[in-house]
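Novice: This is the structure, below, for whatever I ask next.
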Amino acid sequence: RIPNEKSSVLSLDFLLFQIVGVQQYPIRPQIADVNENILSEQLTSESVLTDEIIKSSGRQIEDALNEFDVYCNSLHIDPHSAGFRLVTDGQLPLRQCLYPEAYRKDIELPLYYSVFYDLRKEVARYTGKIDEPPLCIADMLDCILFST
Numbered sequence: 003r004i005p006n007e008k009s010s011v012l013s014l015d016f017l018l019f020q021i022v023g024v025q026q027y028p029i030r031p032q033i034a035d036v037n038e039n040i041l042s043e044q045l046t047s048e049s050v051l052t053d054e055i056i057k058s059s060g061r062q063i064e065d066a067l068n069e070f071d072v073y074c075n076s077l078h079i080d081p082h083s084a085g086f087r088l089v090t091d092g093q094l095p096l097r098q099c100l101y102p103e104a105y106r107k108d109i110e111l112p113l114y115y116s117v118f119y120d121l122r123k124e125v126a127r128y129t130g131k132i133d134e135p136p137l138c139i140a141d142m143l144d145c146i147l148f149s150t
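Numbering-wise, the sequence shown is residues 3 to 150 according to the numbering used here.
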């Protein structure tokens, strides 16, 4: 809607997004199968992780969480500030994986892990299809490209 001369501006919304770095912290699980395989075939086919990566650079989850905090501090980023948000591909990584794992291992997660943007929901809201969130990253790209 184009405002008329007498209307007032009610809101200006901006998003400043800057990628300042990319980090990956492979986690070494405490269990493997009888053949020393750490990852399932499905996981290796759907991701860039391999057993070799996990064996060579895998770390304990507590160490990875601490390394992320150190990394943020090295960039002078305060993950506890109001402007900091994690972005996830669905809620599974945090709500159904990280939180239960932290609970089982008696790890207290910093509060910033409880406030995040679910990229699938954000794309669905952007495209106006809230009841039909995209199922994968390719679907998200299609939604964004075809809605503009």
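The beta-carbon is built from N, C-alpha and C at its ideal position, and this holds for glycine as well.
(1) Short check: CB of D91 to CB of R61, under 8 Å?
(2) For C99, count neighbouring C-beta atoms within 10 Å of its own C-beta (all shown protein chains included) and say buried if the count is 16 or more, exposed if not.
(3) Measure the C-alpha to C-alpha separation of N68 and D133 and round it to an integer number of angstroms.
(4) So, H82 versus P102, is the Cβ gap smaller than 8 Å?
(5) On the criterion of 16 or more Cβ atoms from any shown chain inside 10 Å, does I40 qualify as buried, or is it exposed?
(6) Does V36 pass the burial test, meaning 16 or more other C-beta atoms within 10 Å, or should it be called exposed?
(7) What is the residue span of the beta strand (DSSP E) that F118 lies within?
(8) Relative to the C-alpha of L94, which candidate in D53, I63, L137 has its C-alpha closest?
(9) By the DSSP assignment, the beta strand (DSSP E) with T90 in it spans what residues?
Specialist: Well, looking at it:
(1) Walking along the sequence shown from the start, residue 91 turns up at place 89. Walking along the sequence shown from the start, residue 61 turns up at place 59. No; because the gap between Cβ atoms is not below 8 Å, this pair is not in contact.
(2) The residue labelled residue 99 in the question sits at position 97 within the sequence shown. Exposed, because fewer than 16 other Cβ atoms sit within 10 Å of the Cβ of C99.
(3) The residue you call residue 68 lines up with position 66 of the sequence shown. The residue you call residue 133 lines up with position 131 of the sequence shown. Taken atom to atom, the span from the alpha-carbon of N68 to that of D133 is near 37 Å.
(4) In the sequence shown, counting from the first residue as 1, residue 82 sits at position 80. In the sequence shown, counting from the first residue as 1, residue 102 sits at position 100. Not in contact: H82 and P102 (Cβ atoms no closer than 8 Å).
(5) In the sequence shown, residue 40 corresponds to position 38, counting from 1. It is buried - the Cβ of I40 has at least 16 other Cβ atoms within 10 Å.
(6) One-based indexing of the sequence shown puts residue 36 at position 34. Interpretation of V36 is limited by its pLDDT of 49, a score under 50 that renders its predicted location unreliable; the figure taken from the coordinates is listed afterwards. Its Cβ having fewer than 16 others within 10 Å, V36 is exposed.
(7) Position 116 of the sequence shown holds residue 118. Unbroken beta strand (DSSP E) run through F118: 118 to 120.
(8) Translated into the one-based positions of the sequence shown, residue 94 becomes position 92. Cα-wise, what sits closest to L94 is L137.
(9) Along the sequence shown, one-based indexing puts residue 90 at 88. Its beta strand (DSSP E) spans residues 88 to 90.
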